[in-house]
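One line per chain: the protein sequences are P and Z, in this order. If you read the first sequence in our numbering, its first letter stands for residue 1, the second for the next number, and so on. If you read the second sequence in our numbering, its first letter stands for residue 1001, the second for the next number, and so on. Just so you know, even glycine gets a beta-carbon here, dropped at the ideal spot from N, CA and C.
Number of protein chains: 2
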Amino acid sequence: MQKETLCLGLLSLGPRSGYEIKQMFEGPLSDFYSLSFGTIYPTLNNLQADKYVSCKQHSQSKKPDKKVYTITKKGMELMKDNLLSDASSYIRSGNFGDQIKSEFFLLLLFSKYLPKETMNTVLNERVLYLRQKLEQFKYDGPVPGNLDAMRNEKSVSFIRGLASALIETGLNYMEKNRGKLN
Amino acid sequence: MQKETLCLGLLSLGPRSGYEIKQMFEGPLSDFYSLSFGTIYPTLNNLQADKYVSCKQHSQSKKPDKKVYTITKKGMELMKDNLLSDASSYIRSGNFGDQIKSEFFLLLLFSKYLPKETMNTVLNERVLYLRQKLEQFKYDGPVPGNLDAMRNEKSVSFIRGLASALIETGLNYMEKNRGKLN
DNA sequence: ATTATATATATCATTCTGATATATATACGC
DNA sequence: GCGTATATATATCAGAATGATATATATAAT
């Protein structure tokens, strides 16, 4: 997905600064996508230059100005147009498409070159990590303001449910079949 | 995973050319990782310069020479050292780590900006695509020579089983819950 | 006969990340 | 009270990787 479309999409949930957009990528979204500051800030500047977003600077005493961006009508149109024209190309991507980069699976692929005790530790920690991830996805308590807008989206509930189901399946499989790696 | 470690790992399965390494990334591995020609060829040249691989040129009438690389003892050592020292950093990556880039999930996130009929078509095609993927992962018939070495690895059976289980879970979830997106 | 696909290596502009720079505020332990 | 760590906030850039393109031929399909 183009970085412009993605930033506009997140701004469609409400006005935000570049820093806050980055924070959204560090929340639940982090498991599916991320953009770096080096991408977010230039993208917002370009979107502003082309009037897809407007910007209000909130001067803060001796911190850098907080630049809060708001999506414009023109920006909403661009976002919708881009989503529509690229929708079909996302069908084959991610979560069993062409974009998963699983270093963990690569490690498994070459696991025979590692000492058994190392692989045992790695698999144990992987299980712990996945359990922790699962808890995060199922967590329904309060979240910081920036992330709240996302939680209320129907699509986010759908994605969280799917992610939870996938992690549970992965955990069960790992626990039942890890013996087969030796 | 460093490109050097990865190329060495694939060469540990048997001597191969850069073109054939790329082919392995287009097989079942494509769902988990990939490297481009622009990465593979320079990496192989560097590995050769540092004696981690040796190279035999097979001249072919009027095609470019086929350069078949073989991993050296020094190369095997580097690969094992790298795997060992980086193993712990792969625990949190991929398949619910920080490296999944799912454009499909992003599309779902913004699905409310798309016409219902578009989303319907997209979800239908996604289901078809996943069914096709599932068949590919379960397929146990003959494969081209390059890929055969991988099929015989225990770890590959493990990964294929895990991938199949994950896709099945994803399919079931999508079919049961797609109504909740509207 | 033409088009598409496969073999085979190489290069490079564009893109993206991860790190770093800059500057301040606040919370925490001791 | 003092140092340390973390959080806020934007910006830039070296280095790395991709995707596209160039080059050249063989073969299969239409």
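Return the CA-CA distance between residue i and residue j, expressed in angstroms with no decimal places.
{"i": "D140/P", "j": "L1078/Z", "result": "46 Å"}
{"i": "R1016/Z", "j": "F1110/Z", "result": "44 Å"}
{"i": "I159/P", "j": "S102/P", "result": "20 Å"}
{"i": "Q2/P", "j": "K1073/Z", "result": "44 Å"}
{"i": "N1182/Z", "j": "Y1113/Z", "result": "11 Å"}
{"i": "K56/P", "j": "D65/P", "result": "10 Å"}
{"i": "R1178/Z", "j": "L1008/Z", "result": "43 Å"}
{"i": "D81/P", "j": "K1176/Z", "result": "29 Å"}
{"i": "G94/P", "j": "K154/P", "result": "20 Å"}
{"i": "E20/P", "j": "F37/P", "result": "11 Å"}
{"i": "I100/P", "j": "S1089/Z", "result": "17 Å"}
{"i": "Q1136/Z", "j": "P144/P", "result": "42 Å"}
{"i": "L108/P", "j": "G14/P", "result": "42 Å"}
{"i": "P142/P", "j": "H58/P", "result": "27 Å"}
{"i": "F1104/Z", "j": "S30/P", "result": "14 Å"}
{"i": "N152/P", "j": "K1180/Z", "result": "13 Å"}
So, using beta-carbon positions, are residue i and residue j closer together than 8 Å?
{"i": "L1171/Z", "j": "G170/P", "result": "no"}
{"i": "I1091/Z", "j": "V68/P", "result": "no"}
{"i": "I167/P", "j": "K133/P", "result": "yes"}
{"i": "G27/P", "j": "Y41/P", "result": "no"}
{"i": "T70/P", "j": "S54/P", "result": "yes"}
{"i": "L1106/Z", "j": "L10/P", "result": "no"}
Residues in the same chain with beta-carbon distance under 7 Å from residue i, minus the five sequence neighbours each way, listed in chain order, please.
{"i": "K138/P", "result": "S164"}
{"i": "V1156/Z", "result": "M1150"}
{"i": "Q23/P", "result": "N146"}
{"i": "S12/P", "result": "I71, M76, M79"}
Can you confirm whether residue i, when its beta carbon is compared against all beta carbons of chain P, has any partner nearer than 8 Å?
{"i": "S1036/Z", "result": "no"}
{"i": "L1108/Z", "result": "yes"}
{"i": "T1070/Z", "result": "no"}
{"i": "F1025/Z", "result": "no"}
{"i": "R1092/Z", "result": "yes"}
{"i": "T1169/Z", "result": "yes"}
{"i": "S1085/Z", "result": "no"}
{"i": "Q1057/Z", "result": "no"}
{"i": "Q1002/Z", "result": "no"}
{"i": "G1161/Z", "result": "yes"}
{"i": "Q1099/Z", "result": "yes"}
{"i": "L1181/Z", "result": "yes"}
{"i": "L1114/Z", "result": "yes"}
{"i": "S1017/Z", "result": "no"}
For residue i and chain Z, any beta-carbon pair shorter than 8 Å?
{"i": "V156/P", "result": "yes"}
{"i": "A165/P", "result": "yes"}
{"i": "E43/P", "result": "The residue asked about is misnamed: residue 43/P is Thr in this sequence, not Glu. No, no contact with chain Z."}
{"i": "R151/P", "result": "no"}
{"i": "T118/P", "result": "yes"}
{"i": "I21/P", "result": "no"}
{"i": "G75/P", "result": "no"}
{"i": "N146/P", "result": "no"}
{"i": "V122/P", "result": "yes"}
{"i": "D31/P", "result": "yes"}
{"i": "Y173/P", "result": "yes"}
{"i": "R126/P", "result": "yes"}
{"i": "L130/P", "result": "yes"}
Excluding sequence positions up to five away, which residues of its chain have a Cβ less than 8 Å from the Cβ of residue i?
{"i": "F25/P", "result": "Y33, S34, L35"}
{"i": "M1174/Z", "result": "L1123, R1126, V1127, L1130"}
{"i": "T1039/Z", "result": "K1003"}
What do you reckon, is the C-beta of residue i under 7 Å from a heavy atom of the ligand NAP?
{"i": "N172/P", "result": "Annotation note on the ligand NAP: not contained in the displayed structure, which lists no ligands."}
Give every residue of the same chain whose Cβ lies closer than 6 Å to the Cβ of residue i, excluding the five residues on either side of it in the sequence, and list them in chain order.
{"i": "G75/P", "result": "L8, Y52, V53"}
{"i": "F1096/Z", "result": "none"}
*Quick one: any contact between the stretch 80 to 89 of chain P and the stretch 1040 to 1055 of chain Z, if contact means 3 or more CB pairs under 8 Å?*
no
*Tell me, please, whether the stretch 112 to 130 of chain P touches the stretch 142 to 158 of chain P by the rule of three or more beta-carbon pairs shorter than 8 Å.*
Touching, no, given that fewer than three Cβ pairs across the two stretches are closer than 8 Å.
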